[in-house]
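Novice: In this note's numbering, the protein residues as written are 524 to 760.
Just so it is clear, CB atoms sit at the ideal spot from N, CA and C, and this is done for glycine as well.
Computed from a predicted structure; not experimentally measured.
#1: Quick check on the DSSP output: the alpha helix (DSSP H) that includes residue 646 runs from which residue to which?
#2: For residue 578 versus residue 600, is the C-beta spacing smaller than 8 Å?
#3: Got a sec? Which residues, its chain only, sit under 8 Å from residue 729 by beta carbon, not counting five neighbours each side?
#4: Pick helix, strand or coil for residue 755, following the three-state DSSP scheme.
#5: By the DSSP assignment, the beta strand (DSSP E) with residue 745 in it spans what residues?
#6: Given a cut-off of 8 Å, decide if residue 569 and residue 532 are closer than it, judged by their beta-carbon atoms.
#7: Per DSSP, what are the beta-bridge partners of residue 557 in this structure?
#8: Give the DSSP-derived three-state secondary structure of residue 542 in the structure shown.
#9: Check whether the Cβ atoms of residue 630 and residue 606 sit closer than 8 Å, and answer yes or no.
#10: At what residues does the alpha helix (DSSP H) containing residue 659 begin and finish?
#11: Helix, strand or coil, according to DSSP, for residue 737 in the structure here?
#12: Counting pairs of beta carbons, one from the stretch 640-648 and one from the stretch 680-694, are three or more of them closer than 8 Å?
#13: Drop a sphere of 10 angstroms on the beta-carbon of residue 562, count the other beta-carbons inside from all chains shown, and report buried for 16 or more, exposed for fewer.
#14: Considering only residues of the same chain and omitting the five flanking positions on each side of residue 552, which have a CB-CB separation below 7 Å?
#15: So, under 8 Å CB-CB, residue 555 and residue 547 are touching, yes? Tell me the CB distance rounded to an integer number of Å.
#16: If you draw a straight line from the C-alpha of residue 639 to the C-alpha of residue 593, how long is it?
#17: I think residue 617 touches residue 583, with their Cβ atoms under 8 Å apart; what is that distance to the nearest whole Å?
#18: What span of residues does the alpha helix (DSSP H) with residue 727 cover, start to end?
#19: So the alpha helix (DSSP H) residue 714 belongs to, where does it begin and stop?
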């Protein structure tokens with residue numbers, strides 16, 4: 524395993540770039556090679572590097588870049604470099620395109636630093652795993668390729684007010700919304716229950732650490748509570 528994985532930050536807001544730089548360098552096993560503000564600077568840095576960085580931390584909204592052009596340029600030219608997107612872009616088409624393009628992770632601003640740390644640690648774990656192997660068995664491939672799924676629940680040990688059948692419906696729905704997440708209102712409409720009941724099931728899954736809640740801030744009003752499958756959830760927890 525490498526002593527330190529190298530990161531290139533592509534972010535036009537210097538304040539955000541500095542926050543990310545400090546956080547990355549305070550995470551064991553990572554150093555920041557450079558921080559650039561434009562797509563042109565990013566590509567020039569990569570072209571001139573004899574040893575390209577392991578990670579490009581990429582914001583999609585860069586002034587001299589059209590849409591995902593920079594993402595695809597890096598993806599197609601520097602195949603040994605992984606891309607972690609950190610952006611305010613939350614539309615489904617953009618997210619789906621980057622997933623198809625092999626993005627390592629997609630984090631929506633404002634960044635939850637606990638979430639960011641888990642991403643870095645997951646990168647370090649995965650890179651270290653592949654660097655230590657020459658061949659892989661199917662079980663090992665499944666560990667790193669297949670999305671982790673939540674276990675099915677039975678009626679044993681469930682608290683009052685939580686039904687096993689309904690809980691399994693909720694977890695199945697969450698697994699189909701890995702990237703977008705779901706709110707209590709959306710869950711209540713899709714499964715056919717009251718909003719308060721939907722929230723009770725979601726908060727129960729949060730309490731047993733199978734899903735996580737993130738606040739999504741809009742332009743006005745109170746932040747929205749969205750629930751996501753925990754990416755670091757392990758089946759043997």
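Specialist: In this structure, then:
#1: In the DSSP annotation of this structure, the continuous segment of the alpha helix (DSSP H) that includes residue 646 starts and ends at 636-654.
#2: No, they are not a contact pair.
#3: Residues 735, 736 and 750 of the same chain have their beta carbon placed closer than 8 Å to that of residue 729, with the five preceding and five following residues left out of the count.
#4: With a pLDDT of 38 at residue 755, under the threshold of 50, the modelled position of this residue cannot be trusted; read the value that follows with caution. Coil at residue 755, not helix or strand.
#5: No beta strand (DSSP E) contains residue 745, which DSSP labels as neither H nor E.
#6: No, these two residues do not count as a Cβ contact at 8 Å.
#7: Under DSSP, residue 557 takes part in a beta bridge, and its partners are 531.
#8: Judged by DSSP in its simplified three-state form, residue 542 adopts helix.
#9: The answer is no: Cβ separation not under 8 Å.
#10: No alpha helix (DSSP H) holds residue 659; DSSP gives it neither H nor E.
#11: Looking at residue 737 - three-state DSSP - the assignment turns out to be strand.
#12: Judged by Cβ distances under 8 Å, the stretch 640-648 makes no contact with the stretch 680-694, as fewer than three pairs qualify.
#13: Buried is the label assigned to residue 562, since at least 16 other Cβ atoms lie within 10 Å of its Cβ.
#14: Shown here for residue 552: same chain residues with a beta carbon closer than 7 Å to its own, the five before and five after excluded, namely 527, 528 and 647 in chain order.
#15: At roughly 5 Å, the Cβ-Cβ gap stays under 8 Å, so residue 555 and residue 547 are in contact.
#16: Those two C-alpha atoms are separated by around 22 Å.
#17: Contact annotation, residue 617 with residue 583: C-beta distance approximately 7 Å; criterion of less than 8 Å satisfied.
#18: Counting along the chain, the alpha helix (DSSP H) containing residue 727 begins and ends at 718-730.
#19: From DSSP, the alpha helix (DSSP H) with residue 714 extends over 707-714.
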